Every structure is written in C-alpha cells, then in structure tokens.
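Report on one structure; see the data block that follows.
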Amino acid sequence: MKTLDSTLFEDHLRQRAADMERLLSDLLDSTVRDDEIVRPNHLLAAMRHGTLNGGKRLRPFLVQESALLFGGDPEAASRVGAALECLHSYSLIHDDLPAMDDDDLRRGQPTVHKAFDEATAILAGDSLLTYAFDIITAPATKLAADRKVELVLALSRAAGLGGMAGGQALDLAAETTAPDEDGVITLQAMKTGALLRFACEAGAIIAGASEDDRKRLRRFGEIIGLAFQIADDVLDVTSDAATMGKATGKDADRGKATLVSRNGLDWAERRLDQLVTEAVELLQPYGEKAQVLVATARFVANRKS
C-alpha cells in the first residue's frame, strides 16, 4: 500500500493542528452561549491554558482522517475532534494534580495547578469534560441526532469508569502493587488507548459507515493506542524533559511497571514494528484512501516527542 512521505505527512499533521488550535480558541472564547449565564474570566483563562498549549492534536486528527476515509462531513468531524481534545485536556489537567501524578510541566509550560491553583485546575478540568459533550450535541455540529447519541455513548464509555478514568485509578494503584503484564496491558488500554480507539471509531460513526468498517477502525484505534503507549514508555526512558516538554523518568522513579521496563528496548522496537504491520493490514481494504492513516500508524510508532 502506498503511503505519504514522512515530511508531507508531518506537514499535513501540523496544518491540521493549527486549524484545530483556531477552532479550540473560538470555542473557548469569552462569548456567552445560549443558556449560559457568564464565562468567568479566571476559569476560562485556566481552561485555555490547559488546552491551547500546542501539541500534535493527534486525537482530533484521527477523528478527521477516519471520517474522511468514509466520506464524512469534515466540519462535523472537526467539531467532534475538538470535543475529544477538550476531554483529553481535562484528563491531563487532572492527572497533573498533586493528588495524582504531581507534575509541574506540560508541553513545556507550567501545569494548570502551577500556573493558577489546584481548585481552579479541578474546575477547569470539570468544565472541559462537560464542554466536550456540549460541543458534540450542539446544533452547530451538523449530524443526525442518532449519530450524536452514538458518539456521546462511545465517548462516555471511553472516558469513564471502564475507560480512561478507570485506567488512571489502576495506574495510581500500580504505584503500590505492581500489576502483571496482562494488568499493564489492561491499564494502558484504558488510560491511553480508550480515547485513541474512540478517535478512530468516531470517524466511522460520523460518516455512517457500516458496522464492519466501524469495528475495523475501532481495532485500528486499539493498535494505535498500544503503539502510542509503548513509544511513550520508550521516550520516558530515552528522552529528556526539554525534548518531551514534560518530566521524564517518573515511571522508573515510582517503581511503576511498564511493558518496556519488563521486556526491554529491543523488545519494544520489535513490538512497534509488529503493531505497524497489523495496522497496515487492517487498512488494506481501503487502498490508497487510507494512506494518511497508514502514515499515522508509522508516525505514532516512530515519534521522538
């Protein structure tokens, strides 16, 4: 299968990220929406700090590209991607809190509780989480009501008790009781993988794709999620804070088990190659239409930050 040259792909990813940054800035402006009373300036500033701080915007990118694969509406896909990025940003704000991962740096900037205060950081996360579902269901997201319901249900499951939030709980527990390898895989599939899985499946939902296509993209998202986490664990060992824009080496300092700490860097390299192969095979039925997603799988596995 043909794929994009890596330079062309990264240019495309950067352009998408810049477009998403503008959309997020518009969504997080001071304009009061229908049925809102006021948008408090201090809280809004904290939400913007935790969201408009750069990043690759990989999750909304996957929503957009998966929707395009099936001819989905680009504007609706962008708004759903923005909703997902708001929810992802909430999770990072809360994960960085002293009671959780206790981080001072995120994407090279002070974390929200450092730039503001802990109470404001909690409220900023709460507000972004709620706003994600507002964005999906708002009239400006021009999708049929049944598709909006499917998206809300899928995102709720990916983000909640049996998904990301549950994964964070397992991650905290892992600091005192190390899980076995299956436990590590489950934890990471929930904490990191669930939102990436949703990002890919969401595109199929937006486009009204067949159940088989939806399952195929869901599985692609699961593979991407595992590859993302293994690559992240490799970077935690091999990179530095200046490159990553956040503290590195923290898993080792806390004695947390990861697939990389259990199996080594050579294993990680082989496993990432295997995951890319699986991802490419899943997309074979779509031919050249899937070349951006193929390039995404390779990018995720080989990223340096």
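Using full-length UniProt numbering, you'd call the opening residue of the sequence shown number 1 and step up by one each time. Ideal Cβ placement from N, Cα and C applies to all residues, glycine included. On a predicted model such as this, the values are computed, not experimentally measured, just so you know.
Following the DSSP letters along the chain, one finds phenylalanine 228 inside the alpha helix (DSSP H) bounded by residues 211-238.
DSSP places proline 74 in the uninterrupted alpha helix (DSSP H) bounded by 74-95.
For glycine 203, the enclosing alpha helix (DSSP H) starts and ends at 194-207.
Rounded to whole angstroms, the gap between the alpha carbons of leucine 123 and proline 74 is 31 Å. Inter-segment contact for the segment 76-86 and the segment 101-109 is absent: fewer than three beta-carbon pairs are separated by less than 8 Å.
Contact between arginine 79 and arginine 16 is absent: CB atoms are separated by about 14 Å, not below the 8 Å threshold. DSSP, read as helix, strand or coil, puts proline 285 in helix.
DSSP places leucine 105 in the strand class (E or B) of the three-state scheme.
With at least 16 other beta carbons inside 10 angstroms of its own, proline 60 counts as buried. Taken through DSSP and simplified to helix, strand or coil, proline 139 comes out as coil.
Residue environment analysis places glutamine 274 among the exposed positions, since fewer than 16 neighbouring C-beta atoms fall within 10 angstroms of its C-beta. Our two residues, glutamate 175 and leucine 259, have alpha carbons roughly 15 Å apart in a direct line. Going by beta carbons, isoleucine 205 and glutamate 150 fall inside the 8 Å limit. Annotated three-state conformation of proline 110 is strand, per DSSP. In the displayed model, alanine 99 falls within coil according to three-state DSSP, outside both helix and strand. Per DSSP, isoleucine 185 is one residue of the alpha helix (DSSP H) stretching across 181-188. Spatial neighbours of alanine 295 in its own chain (CB-CB distance under 8 Å, excluding positions within 5 residues in sequence) are listed in chain order as Thr3, Leu4, Ser6, Phe9. When DSSP states are grouped into helix, strand and coil, asparagine 53 belongs to the coil group. For alanine 257, there is no enclosing alpha helix (DSSP H), as DSSP marks it with neither H nor E.
Relative to leucine 196, the option among Asp26, Gln64, His42 whose CA is nearest is Gln64. When DSSP assignments are scanned along the segment 12-53, the uninterrupted stretches of alpha helix (DSSP H) that are 4 or more residues long and fall wholly within it turn out to be 41-51. In the same chain as phenylalanine 299, and ignoring 5 residues on each side of it, the C-beta atoms closer than 8 Å to its own belong to Ser6, Phe9, Glu10, Leu13, in chain order.
Rounded to whole angstroms, the separation of the alpha carbons of leucine 28 and alanine 140 is 15 Å. Here glutamine 229 is buried: its Cβ has 16 or more other Cβ atoms, across all protein chains shown, within 10 Å.
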